[in-house]
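Residue numbers (our numbering): -2 to 389.
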Amino acid sequence: MGVKTRIKHGILALATAGLVSLAGLAQAQETLKVGLVAALSGQSAKSGEAITRGLTIAIDEINANGGILGQQVELLRRDDESNPNKGLLAARELVQKEEVAVLFGGLDTPVSLAIVPLANRMEFPFMGVWAAGTPITHNGAEENYVFRVSAVDELVDEALVQYGIDHYDMQKPGMILINNPWGESNEKGFRKALESRDMEWAGIERFESGDTDVVPQLSRLKDAGADALLMVANVSPSAQVVKSLDRMGWDVPIVSHWGPAGGRFSELAGENADRVHFIQTFTFVENQQGKGADVLAALKEKYPEIQSLADVTPAVGIANAYDAMHLTALAIENAGSTEGPAIRQGYYDIESYEGLIKTYQSPFSPDQHDAVGPEDYVFTHFVDGQIVPLDL
């Protein structure tokens, strides 16, 4: 081989090596994507905002510590507009086109229930951080890819019934439930909780998200002797219940699922918004201590519009999402891969994590896909636009 030929081959080898090196660098710089499908507009937009904030604060911490599997984490969001069909389309796009490693869900049980079969069929991990419908994780799939860091309807219903008994001497509650799968899930839970105590109920009334007058349903419950209301609905319909009660002049206790926390409830419900006592998994308080103080400081630094505790309402979305993101990072690290089956096993292999809501010990197993239980629930109400824990 002549000198010129050797030089040509040498240049070609160097160029090829350079291209390989650049390709390796480009691959190393690719981000690890996670997706969020949630209500980012409309009456429940605050829920999507809270989830986004919780995820981004956790992602900032993870990226500052080297990312996941050596890759920086990137969050991609899609607005489901609280619509199951739009949520399902968004989930498909994020998983199939954007190739997110894990998909996070939002506020609405009907949207999550629409995504569950797709997650299990396509074997991608779907992490719920708000929607509480029992069938989301208890979905009957032989290989279940749906996990949750949030409340569970059946457990919440038990807690709501006991709260009504303990604090209002409730004897004969009436149920006022949103007419969708979330309402149906809670009807089953309420029935079970009441029947286990040999308690009767005054009636079960349903209403729609767009209803502006719930007086007829409430009047039937009043006439049937209801001494308290067990309410399940999101922000706007819950506010209509309060306004309808005001028009009726009926001062009856309201024990609610956490729907009112997802948006501008205190503004929509008016001066009697504080009469609704509802459940949460976490709330920020004055003189916050520990990890809560660190997260609150990070939120204020990243989002300058946060000036007071009222500006981090609803805290439950922040806390659930923050813990869920960190648990997901541990799962992927355990997996050593972004393949769905490996990540699912990675969740099972988590031993311990000191989170915002609590310290998690082996939070997931093949028989348990819910990391939060009744011992983690707190009761709250709105005071001047801020969610405040009730003194129990």
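Note that beta-carbon positions come from the ideal geometry of N, C-alpha and C, so glycine has one too. Note that this is a predicted model, so its numbers are computed, not measured.
The C-alpha of I48 is placed about 14 Å away from the C-alpha of D77. Apart from sequence neighbours up to five positions away, the residues of its chain that approach L296 with a beta-carbon distance below 8 Å are R50, I54, I303, V309, I315, ordered along the chain. Taking a cut-off of 8 Å on C-beta distances, the stretch 352 to 364 touches the stretch 312 to 332, as three or more cross pairs fall below it.
Annotation for I347: no alpha helix (DSSP H) segment contains it, and DSSP assigns it neither H nor E.
Between A199 and A221, the beta carbon gap of about 4 Å places them in contact (Cβ cut-off 8 Å).
Under DSSP, T356 shares a beta bridge with E351. Rounded to the nearest angstrom, the gap between the Cα atoms of H274 and S334 is 43 Å. With fewer than 16 other Cβ atoms from the protein chains shown falling within 10 Å of its own Cβ, Q93 counts as exposed. By the CB criterion at 9 Å, I276 and A148 fall inside the cutoff.
DSSP places I54 outside any beta strand (DSSP E); the residue lies instead in the alpha helix (DSSP H), whose first and last residues are 42 to 61. Each residue's CA atom was taken as its position, placing Q214 and V282 some 36 Å apart. Looking at the DSSP output, H274 sits in a beta bridge with V252.
The beta carbon of I56 sits closer than 7 Å to the beta carbons of V70, L72, M322 from its chain, once the five residues preceding and following it are set aside; these are given in chain order.
Only residues of its own chain outside the window of five on either side were considered, and among them Y142, G337, P338 have a CB closer than 7 Å to the CB of E120, listed in chain order.
Scanning the stretch 210 to 267 for uninterrupted beta strand (DSSP E) segments of 3 residues or longer gives 226 to 229, 251 to 253, listed from N- to C-terminal end. Of the candidates H254, L293, Y357, S193, the residue whose Cα lies closest to the Cα of T377 is H254.
In the three-state reduction of the DSSP assignment, R194 falls in the coil class.
Residue burial is scored here from C-beta neighbours: P257 has at least 16 other C-beta atoms within 10 angstroms and is therefore classed as buried. Boundaries of the beta strand (DSSP E) around L33: 29 to 35. Membership of D364 in any beta strand (DSSP E) is not indicated, and neither H nor E is assigned to it by DSSP. Linking E202 to A368 through their CA atoms gives a straight-line distance of about 32 Å. As a beta-bridge residue in DSSP terms, E71 pairs with K30.
Contact between R145 and I133 holds: CB atoms are separated by about 6 Å, below the 8 Å threshold.
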